[in-house]
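Beneath this line is the structure, given in structure tokens, with notes to follow.
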Amino acid sequence: GEDVEQSLFLSVREGDSSVINCTYTDSSSTYLYWYKQEPGAGLQLLTYIFSNMDMKQDQRLTVLLNKKDKHLSLRIADTQTGDSAIYFCAESGQAGTALIFGKGTTLSVSS
Amino acid sequence: KAGVTQTPRYLIKTRGQQVTLSCSPISGHRSVSWYQQTPGQGLQFLFEYFSETQRNKGNFPGRFSGRQFSNSRSEMNVSTLELGDSALYLCASSPSGSLYEQYFGPGTRLTVT
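Same order as they appear, the protein sequences are chains A and B.
Using my numbering, you'd call the opening residue of the first sequence number -15 and step up by one each time.
Using my numbering, you'd call the opening residue of the second sequence number 10 and step up by one each time.
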């Protein structure tokens, strides 16, 4: 079935790069997504990547996609304390009609 | 443009009761999706409405239902509440249902006692 796996926690120091990893099972997903959730808030779409791309860069964010291994990563350059949040990886699944989320990675940034 | 709004933001109900949550999408968006977020199960898709019709449905019991009005506002209803229904319920809207154009609201935190 469709499944998305992420590590649960990541701790970094301010100014370092953060890399959050994700694996997914459905190779037919057209898009893959990264969302951010801050305490008490809904989900904010950070970026997404089309499945025929290997990389997408958007300011401090870099998404890498390895379709062969079904591995997706999100790199945050120059991580700031304001980046502390839960980051969710999601795929669109075979039908492409609903998001299938991982359990989320809690990023903790210390100064 | 105003974002997706959800009311109420917090709700406490008792087991066996029913509850109705409301979602107002971004102006011009015709698709509204609902998700349930719990610590154990994570984020799970409930259903999607487009132009007043349920277009997609997740794997939830029939106690969970929804509807959409002609102005695209949507409500979801949970009947015969169980303790396990305690969750953050998130609504998302998009112009036509495209997932990469989907914007989420802040959610309604439902606590069932």
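Glycine is no exception: its CB is placed at the ideal position from the N, C-alpha and C atoms.
All values derive from a computational prediction rather than experimental measurement.
- With a contact defined as Cβ atoms closer than 8 Å, B:V13 and B:G114 qualify at about 4 Å.
- The residue among B:T47, B:V28, B:T117 and B:Q111 with its C-alpha nearest the C-alpha of B:V87 is B:V28.
- Close partners of B:P115 in chain A (Cβ separation under 8 Å): G24, A25 and G26.
- B:S102 sits close to B:Y112, with the two beta carbons spaced by under 8 Å.
- Here the C-alpha atom of A:Q64 lies approximately 8 Å from the C-alpha atom of A:S94.
- Scanning its chain for C-beta atoms nearer than 8 Å, with the 5 sequence neighbours on each side dropped, one finds around A:S92 the residues F(-7), L(-6), S(-5), V(-4) and S68, in chain order.
- No residue range can be given for B:F78, since it is assigned to no beta strand (DSSP E) and is classified by DSSP as neither H nor E.
- With three or more CB-CB distances shorter than 8 Å, the segment 72 to 83 of chain B counts as touching the segment 50 to 64 of chain B.
- At a cut-off of 8 Å between C-beta atoms, A:T63 does not count as an interface residue with respect to chain B.
- With a threshold of 8 Å between beta carbons, B:Y109 makes contact with chain A.
- For B:M85, the CB contacts under 6 Å within the same chain, skipping 5 residues up- and downstream, are L30, W43 and G75 in chain order.
- Only those residues of the segment 29 to 61 of chain A whose C-beta falls short of 8 Å from the nearest C-beta of chain B are listed: L29 and Y32.
- DSSP places A:L83 in the coil class of the three-state scheme, outside both helix and strand.
- Chain B places no beta carbon closer than 8 Å to that of A:G66, leaving this residue out of the contacts.
- For B:E57, the residues of chain A that pass the 7 Å Cβ criterion are T81 and A82, in the order they occur in the chain.
- Close to A:S76, with beta-carbon spacing below 9 Å, are these residues of chain B in chain order: L108 and Y109.
- Across the structure, A:L58 and B:Q26 are spaced so that their CA atoms are roughly 42 Å apart.
- Taking C-beta atoms under 8 Å as the contact rule, A:S1 and A:A61 qualify, at a distance of about 5 Å.
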